[in-house]
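Chemist: Starting off with a structure, shown below.
In our numbering, the protein residues as written are 29 to 101.
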C-alpha cells in the first residue's frame, strides 16, 4: 500500500545523446532534488524543448505528484 509504481518512456524513437541527457536530468530532479515526477518532466521539457523533440517525447503513466522517497541508511 505504500509502494509506488509508474512508467516514464518516450512516445517515439529518440536520439541517444539527448535521451542520455534527459535521463541524467530526470535522475537529478527525482532522486537528488526529490521533485514530484510531473514537475521533473515539466522542467525537462521547458529547459530543453528548443534543443530537440526528444525532450517533448517523454510521458509518464502514474501519479504526477509522486516523489521518490529518500534513502535511509
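We put the beta carbon where it would ideally sit given N, CA and C, even for glycine.
From a predicted model like this one, the values you see are computed outputs, not experimental measurements.
Could you check what DSSP says for residue 38 in three-state terms: helix, strand or coil?
Modeler: The residue given as residue 38 occupies position 10 in the chain shown. Residue 38 falls in the strand class under three-state DSSP.
Chemist: Verify whether the separation of the beta carbon atoms of residue 50 and residue 82 is less than 8 Å.
Modeler: For this step, residue 50 is matched to residue 22 along the chain shown. For this step, residue 82 is matched to residue 54 along the chain shown. Yes. Within cutoff.
Chemist: Given residue 57, which residues of its chain have a CB within under 8 Å of its CB, disregarding the five upstream and five downstream residues?
Modeler: The residue given as residue 57 occupies position 29 in the chain shown. These residues qualify, in order along the chain: 63, 67, 68, 71, 72.
Chemist: To the nearest angstrom, how far is it from the Cα of residue 97 to the Cα of residue 85?
Modeler: For the purposes of this step, residue 97 is identified with residue 69 of the chain shown, where counting begins at 1. For the purposes of this step, residue 85 is identified with residue 57 of the chain shown, where counting begins at 1. Going from the Cα of residue 97 to the Cα of residue 85 covers about 26 Å.
Chemist: Which term fits residue 65, buried or exposed, when burial requires 16 or more other beta carbons within 10 angstroms of its beta carbon?
Modeler: By one-based count along the chain shown, residue 65 stands at place 37. By the 10 Å Cβ count, residue 65 comes out buried.
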